[in-house]
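K.L.:
In this note's numbering, each number is its position in the sequence shown, counted from 1, plus 72.
For each residue, glycine too, the CB sits at the ideal point set by N, CA and C.
Here you go, one structure.
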Amino acid sequence: MAKVVITITDKARGIDVQCQIEPENGDSGLAQTVAIAVGAGLAGHVNEKILKAIQSAKKGKVNVH
């Protein structure tokens, strides 16, 4: 069972996001290939979510009523 590990850490100039694939010894080539594809796709989604979260945190909550 391959794992996709996402780590988020604070850096001096923002936030560092890493998406790593951790295959196990018994994994087939197909399982590893699928894990790599899923990890690459997740990296884009995670990056987008983080950017939106940072933007909303900078804006703060504003009530329009």
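According to DSSP, THR81 sits in a beta bridge with which residue or residues?
P.N.:
THR81 is bridged to ASP88.
K.L.:
ILE93 and VAL106 - do their beta-carbons sit closer together than 8 Å?
P.N.:
Contact flag unset, no.
K.L.:
So CYS91 packs on ILE78, CB below 8 Å; how close in whole Å?
P.N.:
5 Å between Cβ atoms; contact.
K.L.:
Looking at the structure shown, is GLN120 part of a helix, part of a strand, or coil, going by DSSP?
P.N.:
Checking the sequence, you will find Glu at residue 120 rather than Gln. Here GLU120 sits in helix by DSSP.
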